[in-house]
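Chemist:
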Amino acid sequence: MVQCFLVKSDAKYLEVAEELGERLCREAIWSGDQCNWTGDSMEFIESRWQVVNRLCGSELYTGTGGIALFLIRLLSFSGQNVFQKTAEGAINFALSQPPAGFGFYAGLTGIAYLLAEAGEVESALELLERVHQHGPGTSQSFDVLSGSAGVIPVLLKLNALYGKQFLLDAALLHGDCLLQAANRGNQEGEGWSWTTAPGLATQDLTGFSHGTAGIAWALLELYSQCKEPRFLHGAEEALRYERRWFDPEKENWPDFRSFMETGGPVYATAWCHGAPGIGLARLRCYQLLQDHECLTEAQAALHTTSKALNAFIAGGEGNYSLCHGSCGNAELLISAGDLLADAESRNLVHQMADDALKKYHLGGNPWPCGVLNGGETPNLMLGLAGIGYFYLRLYDREHVPSVLMIGPE
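The sequence shown stops at residue 414 when you use this note's numbering, and every number in between is there.
The following block contains the structure:
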């Protein structure tokens, strides 16, 4: 996708990833040829969100699928048999209790991607053909996390690798679904948005995981492959909607989830919501379109994200998860370092990584994970597998692609 600088980094980063991988293997719970893990999670119980410790599901986001993906990546650098065995056990569990829905992080497309990465390409393609034979059908899921915007770039990536027409056809169906579902502003210039969190938001969401930034990115990836003007138009309208809400003073976009209301706009700073994820999408949009407004927005997001990382290093509260923690936020700086040759961003990522290495890898303290008021959890997007993936990516970005923005090269 982009040129990498400092591709092979210090071996200490590989050591962190290996230590986390070994922990996950030791802590796996086996039943026959399947394995799983327990970890902290948030569940809505007795009319309120509570931390519970439970078995993982099967999906990429918080399930065995995501842990397996990390172990497969780790296996290519450290050929320990235990990594392969545990990854196979995690995949077997995911296949025995597959997630519902077609999505990437939370559904069957993610499991198919995992199979392809594990070398089971035929099985991956068979699963994808079954899941996407008729596109999204009657699903009302549109976002990156569990909907059409998340699967389009993955289908395009796999089509580029394996040349299967049904993958492109499915991506086109999902793209048209997004266009048909758009809420088109009543007045010119309002842009298009999508209802991705019905009942939970005061406005259609901005942001990457559930909002218009991720949908704009997916439509642009589709346009770049098929050159159909309708997808470019949809992406431009999605960007127009999000630009309405940009706050130049805060260099960020508001988070419209209703539970975040505090009497005024709330501005998140995470891959899932707020500047880091939006900036990541804008950098890719700039790369595809050479649109300098996208670059300006990406630079604003980069400034906001850098301030947040500096505050975190200095002792601020937070966590290291990929979804809404510092390892996820760092992906924007990694991309800026590669695409814009931004040495300052690269240095800040390494500063954060080295600081955490001393505190938690060498210091022996529990890693702060992404479950609010919870402890360590093993999974990819909120926990230890994701932290390990981040360090593995720092070690060798050429062979460890981002798991936060998967798409065509």
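Just so it is clear, CB atoms sit at the ideal spot from N, CA and C, and this is done for glycine as well.
(1) From what residue to what residue does the beta strand (DSSP E) around residue 39 run?
(2) So what does DSSP say about residue 109, is it helix, strand or coil?
(3) Considering only C-alpha positions, which residue in the set 324, 44, 251 is nearest to residue 392?
(4) Which residues in the same chain as residue 413 place their Cβ atom closer than 6 Å to its Cβ, once the five residues preceding and following it in sequence are excluded?
(5) Roughly how far, in whole angstroms, is the beta-carbon of residue 23 from the beta-carbon of residue 80, given that I think they are within contact range, below 8 Å?
(6) State the DSSP-derived secondary structure class of residue 7, mapped to helix, strand or coil.
(7) Which residues mark the beginning and the end of the beta strand (DSSP E) in which residue 222 is found?
(8) Hey, would you say residue 411 sits closer than 8 Å to residue 356, going by beta carbons?
(9) Among 286, 311, 362, which residue has its Cα nearest to the Cα of residue 302?
(10) Please report the residue range of the beta strand (DSSP E) in which residue 402 lies.
(11) Return the Cβ separation of residue 350 and residue 311 in integer angstroms, given the expectation that the two are a contact with Cβ distance under 8 Å.
(12) Just how far apart, CA to CA, sit residue 390 and residue 360?
(13) Roughly how many angstroms separate the alpha carbons of residue 27 and residue 382, rounded to a whole number?
(14) Less than 7 Å between C-beta atoms, sequence neighbours within five positions excluded: which residues of the same chain meet that for residue 169?
(15) For residue 108 versus residue 46, is the C-beta spacing smaller than 8 Å?
(16) Could you pull out every residue in the same chain whose Cβ sits closer than 6 Å to the Cβ of residue 270, ignoring the five residues on either side in sequence?
(17) Do you know whose CA, among 235, 227, 206, lies nearest residue 174's CA?
(18) DSSP three-state call for residue 284: helix, strand or coil?
(19) Where do the ends of the beta strand (DSSP E) carrying residue 210 lie?
(20) Helix, strand or coil, according to DSSP, for residue 87 in the structure here?
(21) Thinking C-beta only, is residue 44 closer than 8 Å to residue 384?
(22) Where are the alpha helix (DSSP H) runs, 4 residues long or more, that stay fully inside the region 313-388, in chain order?
(23) With H, G and I counted as helix, E and B as strand and the rest as coil, what does DSSP make of residue 57?
(24) Cα separation between residue 138 and residue 364?
(25) Would residue 336 be called buried (16 or more neighbouring beta carbons within 10 Å of its own) or exposed?
(26) Could you tell me the alpha carbon to alpha carbon distance between residue 77 and residue 42, rounded to whole angstroms?
(27) Looking at the unbroken alpha helix (DSSP H) that takes in residue 153, where does it start and where does it end?
Modeler: In short, the structure shows the following:
(1) If you number the sequence shown from 1, residue 39 lands on position 34. Its beta strand (DSSP E) spans residues 39-41.
(2) What you label residue 109 is simply residue 104 of the sequence shown in a count that begins at 1. Reduced to three states, the DSSP call for residue 109 is coil.
(3) In the sequence shown, counting from the first residue as 1, residue 392 sits at position 387. In this structure, 324 is the residue among 324, 44, 251 with its C-alpha nearest to the C-alpha of residue 392.
(4) The residue given as residue 413 occupies position 408 in the sequence shown. Result list for residue 413: 161, 162, 165, in chain order.
(5) Here residue 23 is taken as the residue at index 18 of the sequence shown, counted from 1. Here residue 80 is taken as the residue at index 75 of the sequence shown, counted from 1. Not confirmed; about 11 Å, so no contact.
(6) Stepping through the sequence shown from its first residue, residue 7 is reached at position 2. Residue confidence for residue 7 is low, a pLDDT of 33 falling below 50, so the modelled location carries little weight; the figure read from the coordinates is stated next. Three-state DSSP puts residue 7 in coil, outside helix and strand.
(7) Your numbering for residue 222 matches position 217 in the sequence shown. Unbroken run through residue 222 is the alpha helix (DSSP H), 217-231; no beta strand (DSSP E).
(8) Here residue 411 refers to the residue found at position 406 when the sequence shown is read from its first residue. Here residue 356 refers to the residue found at position 351 when the sequence shown is read from its first residue. No, they are not a contact pair.
(9) The residue given as residue 302 occupies position 297 in the sequence shown. Among 286, 311, 362, the Cα nearest to that of residue 302 is on 286.
(10) Looking up residue 402 in the sequence shown gives position 397. Run containing residue 402: none; DSSP gives neither H nor E here.
(11) In the sequence shown, residue 350 corresponds to position 345, counting from 1. In the sequence shown, residue 311 corresponds to position 306, counting from 1. Contact flag correct, Cβ pair sits at about 7 Å.
(12) As a first step, residue 390 must be located in the sequence shown, where it is residue number 385. As a first step, residue 360 must be located in the sequence shown, where it is residue number 355. Residue 390 and residue 360 have their C-alpha atoms some 19 Å from each other.
(13) To locate residue 27, count along the sequence shown from 1; it is residue 22. To locate residue 382, count along the sequence shown from 1; it is residue 377. If I take the Cα positions, the gap works out to 15 Å.
(14) Counting from one through the sequence shown, the residue named residue 169 turns up at place 164. Residues of the same chain with a CB within less than 7 Å of the CB of residue 169, apart from the 5 flanking positions on each side, are 130 in chain order.
(15) Stepping through the sequence shown from its first residue, residue 108 is reached at position 103. Stepping through the sequence shown from its first residue, residue 46 is reached at position 41. Not closer than 8 Å, so no.
(16) The residue given as residue 270 occupies position 265 in the sequence shown. Excluding sequence neighbours, residue 270 sits near 259.
(17) If you number the sequence shown from 1, residue 174 lands on position 169. Closest by alpha carbon: 227.
(18) Here residue 284 is taken as the residue at index 279 of the sequence shown, counted from 1. Residue state, collapsed to three classes: helix.
(19) The count along the sequence shown starts at 1 and reaches residue 210 at position 205. It is not in any beta strand (DSSP E) - residue 210 carries neither H nor E in the DSSP assignment.
(20) Locating residue 87 in the sequence shown gives position 82, counting from the first residue. Here residue 87 sits in helix by DSSP.
(21) Taking the first residue of the sequence shown as 1, we reach residue 384 at position 379. Taking the first residue of the sequence shown as 1, we reach residue 44 at position 39. Yes, Cβ-Cβ distance for residue 384 and residue 44 is below 8 Å.
(22) Runs of the alpha helix (DSSP H) spanning 4 or more residues and lying entirely within the region 313-388 occur at 331-344, 348-361, in chain order.
(23) Looking up residue 57 in the sequence shown gives position 52. Three-state result, residue 57: strand.
(24) Taking the sequence shown and counting its residues from 1, the one referred to as residue 138 is at position 133. Taking the sequence shown and counting its residues from 1, the one referred to as residue 364 is at position 359. Cα-Cα distance, rounded: 48 Å.
(25) Within the sequence shown, the letter at position 331 stands for residue 336. Buried.
(26) Residue numbering aside, residue 77 sits at position 72 when the sequence shown is read from its first letter. Residue numbering aside, residue 42 sits at position 37 when the sequence shown is read from its first letter. Computed Cα separation, rounded: 17 Å.
(27) Here residue 153 corresponds to residue number 148 of the sequence shown, with the count starting at 1. In this chain, the alpha helix (DSSP H) harbouring residue 153 covers 153-167.
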